[in-house]
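Here is the structure we will look at, set down as structure tokens.
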Amino acid sequence: FHIFSAVYYGSSVNWKQFAQEGKMEIAFIGRSNVGKSSLTNSLCGNRKLAHVSREPGKTRTINYYDVQSRRTVDGTEERQSWFLVDLPGYGFAKTSGKNAEDWSSFIDDYIMNSPELALICLLIDSRHPDLDIDEKAYAWLGTSGVPVLVIGTKGDKLKASEKQQNRRKLASNYPSVYPPVIYSSLKGTGKGEVLHIIESIVCR
Ligand code: GTP
Ligand code: MG
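Letter by letter, the sequence shown follows residues 10 to 213 in UniProt numbering.
Here you go:
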């Protein structure tokens with residue numbers, strides 16, 4: 010199973026705009042600067058797809074990428090078409106006040122109500138598996154009824170022993186039907202595991 014095409018499709022603050030297309034959606038959410046855009050690019054094999062920045066809070070809208078994937082089953086090629094959805098980061102100070110209210114209302118509306126949303130990938134910095142803000146986000150996502158896959162980002166910054174330990178912490182802090190994946194967008198580690206889970210969703 011692999012993604013052979015991913016192109017930017019559009020941005021919105023209203024999920025209804027692109028839900029009309031009737032495509033399955035897989036969303037990426039997490040703290041500002043956690044590595045959502047980098048992960049999007051890594052999964053799609055395209056370094057220039059989503060905007061990566063050192064400066065937190067760059068992504069301000071719901072961003073849709075039109076993804077084409079394929080796999081071969083018993084010699085027959087199957088293709089899938091779905092949306093990868095990059096959401097704004099939470100917990101960034103500059104979006105406090107009026108802007109913070111706008112943020113939470115349109116994202117909340119999307120997470121709770123989009124009929125096409127099939128999987129939420131919650132990105133958590135693998136070096137910090139027990140931040141309050143991530144635990145709050147996890148609890149809030151749980152009320153949507155959409156399955157959550159926890160991805161520990163920036164795995165290349167951990168030693169091998171820490172990787173095991175922090176993966177266990179992620180598994181106990183954020184229980185899910187899917188085991189947490191430690192990912193490195195820099196090295197591509199964890200990509201196979203994430204694609205395998207995505208395959209099980211977009212191919213069902
Ligand atoms: P916002 O859109 O601002 O919320 O940020 P984001 O979550 O999309 O993060 P982004 O992908 O822009 O990455 C933020 C910073 O982390 C950048 O400087 C990236 O180069 C760095 N980064 C992302 N993923 C990795 C990774 O796997 N390893 C390392 N070492 N750095 C990473
Ligand atoms: Mg981003």
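Where a beta carbon is used, it is the ideal one built from N, C-alpha and C, also for glycine.
Please report how far the alpha carbon of residue i lies from the alpha carbon of residue j, in whole angstroms.
i, j, result
"R22", "Y119", "It is Val, not Arg, that sits at residue 22 in the sequence shown. One C-alpha to the other measures close to 9 Å."
"I38", "F27", "18 Å"
"P156", "G84", "31 Å"
"L195", "M121", "32 Å"
"W91", "N55", "17 Å"
"G98", "A146", "11 Å"
"A148", "R80", "34 Å"
"N175", "L150", "21 Å"
"G164", "K25", "35 Å"
"M33", "K45", "19 Å"
"A169", "E202", "17 Å"
"Y73", "G19", "5 Å"
"P188", "E30", "31 Å"
"E144", "S47", "22 Å"
"Q77", "S51", "15 Å"
Taking only three categories from DSSP, how would you classify residue i?
i, result
"T104", "With a pLDDT of 46 at T104, under the threshold of 50, the predicted position of this residue should be treated as unreliable, though the coordinate-derived value follows. T104: helix per DSSP, three-state reduction."
"F10", "coil"
"D83", "coil"
"Q26", "helix"
"G19", "strand"
"residue 250", "Past the boundaries of the shown model lies residue 250; the chain is included only from 10 to 213, so the question cannot be answered."
"N55", "coil"
"Y73", "strand"
"E125", "coil"
Assuming residue i contacts residue j under a Cβ cut-off of 8 Å, what Cβ separation, rounded to an integer in Å, is found between them?
i, j, result
"S185", "L158", "7 Å"
"I210", "I12", "Between I12 and I210 the Cβ distance is about 13 Å, and since that is not below 8 Å, they are no contact."
"D95", "T162", "Their Cβ separation, rounded to whole angstroms, is 14 Å, which puts D95 and T162 out of contact at 8 Å."
CB-CB under 6 Å to residue i, same chain, minus the five flanking residues each way: which ones, in chain order?
i, result
"I160", "C130, L132, V190 and Y192"
"E208", "F10"
"G199", "V190, I191 and Y192"
"V16", "D75"
Leaving out five residues before and five after residue i in sequence, what residues of the same chain have Cβ atoms less than 7 Å from its Cβ?
i, result
"G100", "R40, S41 and I142"
"S123", "W24, A28 and E34"
"A180", "P188 and P189"
- prompt: Hey, which unbroken runs of the beta strand (DSSP E) at 3 residues or more fall wholly within the region 156-190?
  reply: Runs of the beta strand (DSSP E) spanning 3 or more residues and lying entirely within the region 156-190 occur at 157-162, in chain order.
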